[in-house]
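Those protein sequence lines, which keep their order, are chains U and H. Just so we're aligned, residue 6 is where the first sequence starts under my numbering, counting upward by one. Just so we're aligned, residue 722 is where the second sequence starts under my numbering, counting upward by one. Glycine included, every Cβ here is placed at the ideal spot set by N, Cα and C. No experiment lies behind these values; they were computed from the predicted model shown. The structure under discussion appears below in the form of structure tokens.
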Amino acid sequence: AQSVTQLDSQVPVFEEAPVELRCNYSSSVSVYLFWYVQYPNQGLQLLLKYLSGSTLVKGINGFEAEFNKSQTSFHLRKPSVHISDTAEYFCAVSILGGGADGLTFGKGTHLIIQP
Amino acid sequence: DGGITQSPKYLFRKEGQNVTLSCEQNLNHDAMYWYRQDPGQGLRLIYYSQIVNDFQKGDIAEGYSVSREKKESFPLTVTSAQKNPTAFYLCATTGQLNYEQYFGPGTRLTVT
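See below:
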């Protein structure tokens, strides 16, 4: 079975500073990787995904993530954050071929942008 | 507009009552999922369905029930057997060609 670890439950950052949200996964088979964002009292929205190809993946809202197979990581980055980026961020993994029970999610990282 | 709808947005019930949460999709997706979200716990899978008239228990199915009579609909019933039903409930679907999940807006259930 696969698992996802998001090492930080909260990350405070000043506005316009860079940020990195960490995600590590564990799986015995190849995986697909995803980052989702959740604003208060809303559903999850896909930020970006890695399926194959280039290990640097660009997503919406200026976010990007890099797949590192040797370190089993998929960290999310943004060079300059805005107040509107305050939200909960979830890393998720799916095994290649698609597990019938869908994605496995990390517990989330709350990104807090300070003015 | 294609998408997933969940209703209602907020739901209040008295302890001991069953309550049904609605999830409808017009994306023509086969697979549908129900998650429960509690602060600091991430998303936990309650039930999922890969096809009409078939569904499987997830990690925390106790106290919940589902049906899948139509492709578009996957209602979740929170029964009186669920010990801590107050939570945010999310419905999701998966398309056939990729494995990302598409989420509805969620229903916040409060039981007192």
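(message) Quick check on residue 796 (chain H) - is its C-beta less than 7 Å from some C-beta in chain U?
(response) Locating residue 796 (chain H) in the second sequence gives position 75, where the first residue counts as 1. With 7 Å as the cut-off, residue 796 (chain H) does not count as an interface residue toward chain U.
(message) For a contact defined as C-beta to C-beta under 7 Å, what are the partners of residue 54 (chain U) on chain H?
(response) By 1-based counting over the first sequence, the position of residue 54 (chain U) is 49. Per Cβ cutoff of 7 Å: 821.
(message) Just to confirm before moving on: does the CB-CB distance between residue 114 (chain U) and residue 56 (chain U) stay below 7 Å?
(response) What you label residue 114 (chain U) is simply residue 109 of the first sequence in a count that begins at 1. What you label residue 56 (chain U) is simply residue 51 of the first sequence in a count that begins at 1. No, Cβ-Cβ distance for residue 114 (chain U) and residue 56 (chain U) is not below 7 Å.
(request) Under 8 Å between beta-carbons, which chain H residues line up against residue 47 (chain U)? List them in chain order, please. (result) By 1-based counting over the first sequence, the position of residue 47 (chain U) is 42. Those within 8 Å of residue 47 (chain U) in chain H are 826 and 827.
(message) Please state whether the Cβ-Cβ distance between residue 758 (chain H) and residue 108 (chain U) is less than 7 Å.
(response) Within the second sequence, the letter at position 37 stands for residue 758 (chain H). Within the first sequence, the letter at position 103 stands for residue 108 (chain U). No, the Cβ-Cβ distance between residue 758 (chain H) and residue 108 (chain U) is not below 7 Å.
(message) If you measure between the beta carbons of residue 766 (chain H) and residue 751 (chain H), is that distance less than 7 Å?
(response) Here residue 766 (chain H) refers to the residue found at position 45 when the second sequence is read from its first residue. Here residue 751 (chain H) refers to the residue found at position 30 when the second sequence is read from its first residue. Cβ atoms of residue 766 (chain H) and residue 751 (chain H): not closer than 7 Å.
(message) Three or more C-beta pairs under 8 Å: does that hold for the stretch 24 to 44 of chain U against the stretch 74 to 89 of chain U?
(response) Touching, yes, given that three or more Cβ pairs across the two stretches are closer than 8 Å.
(message) Closer than 7 Å between beta carbons: that is the criterion. Which residues of the stretch 103 to 119 of chain U meet it against chain H?
(response) 103, 105, 106, 107, 108, 110, 111, 112 and 113
(request) Determine the chain H residues that contact residue 39 (chain U) at a beta-carbon separation under 7 Å, and present them in chain order. (result) The residue labelled residue 39 (chain U) in the question sits at position 34 within the first sequence. At a C-beta separation below 7 Å, residue 39 (chain U) has these neighbours in chain H: 821.
(message) Would residue 99 (chain U) and residue 820 (chain H) qualify as a contact pair, given that the criterion is a beta-carbon distance under 7 Å?
(response) Position 94 of the first sequence, counted from the start, is the residue given in the question as residue 99 (chain U). Position 99 of the second sequence, counted from the start, is the residue given in the question as residue 820 (chain H). In this structure, residue 820 (chain H) lies closer than 7 Å to residue 99 (chain U) by Cβ.
(request) Give the residues from the stretch 762 to 791 of chain H that approach chain U closer than 9 Å (Cβ to any Cβ), ordered along the chain. (result) Residues passing the 9 Å Cβ filter: 762, 763, 764, 765, 766, 769, 771, 777, 779 and 780.
(message) Counting only beta-carbon separations shorter than 7 Å, does residue 754 (chain H) have a partner in chain U?
(response) Within the second sequence, numbered from 1, the residue matching residue 754 (chain H) stands at position 33. So yes, residue 754 (chain H) belongs to the interface.
(request) For residue 757 (chain H), write down the residues that DSSP places opposite it in a beta bridge. (result) As a working note, residue 757 (chain H) is residue 36 in the second sequence. In the DSSP output, where bridge partners are listed per residue, residue 757 (chain H) has H:765 and H:810.
(request) Could you name the residues of the same chain whose beta carbon sits closer than 6 Å to that of residue 29 (chain U), not counting the 5 residues immediately before and after it, in chain order? (result) The sequence position of residue 29 (chain U) within the first sequence is 24, counting from 1. Once the five neighbours on either side are set aside, the close Cβ partners of residue 29 (chain U) are 10, 77 and 78.
(message) Which residue wins for smallest C-alpha separation from residue 742 (chain H), given the options H:771, H:764 and H:733?
(response) Taking the second sequence and counting its residues from 1, the one referred to as residue 742 (chain H) is at position 21. Considering only alpha carbons, the answer is H:733.
(request) Flag residue 35 (chain U) as yes if its beta-carbon sits less than 7 Å from any beta-carbon of chain H, otherwise no. (result) Here residue 35 (chain U) corresponds to residue number 30 of the first sequence, with the count starting at 1. False, the Cβ-Cβ gap to chain H never drops below 7 Å.
(request) Using the Cα positions of residue 35 (chain U) and residue 53 (chain U), report the straight-line distance between them to the nearest angstrom. (result) Numbered from 1 along the first sequence, position 30 holds the residue referred to as residue 35 (chain U). Numbered from 1 along the first sequence, position 48 holds the residue referred to as residue 53 (chain U). Residue 35 (chain U) and residue 53 (chain U): Cα-Cα distance of roughly 18 Å.
(request) Along the beta strand (DSSP E) that carries residue 774 (chain H), what are the first and last residues, could you check? (result) Here residue 774 (chain H) corresponds to residue number 53 of the second sequence, with the count starting at 1. That residue, residue 774 (chain H), is in no beta strand (DSSP E); it is neither H nor E in DSSP.
(message) Just to make sure I have the definition right: I need the residues of chain H whose C-beta is within less than 7 Å of the C-beta of residue 99 (chain U). Which are they?
(response) Position 94 of the first sequence, counting from 1, holds the residue named residue 99 (chain U). In chain order: 820.
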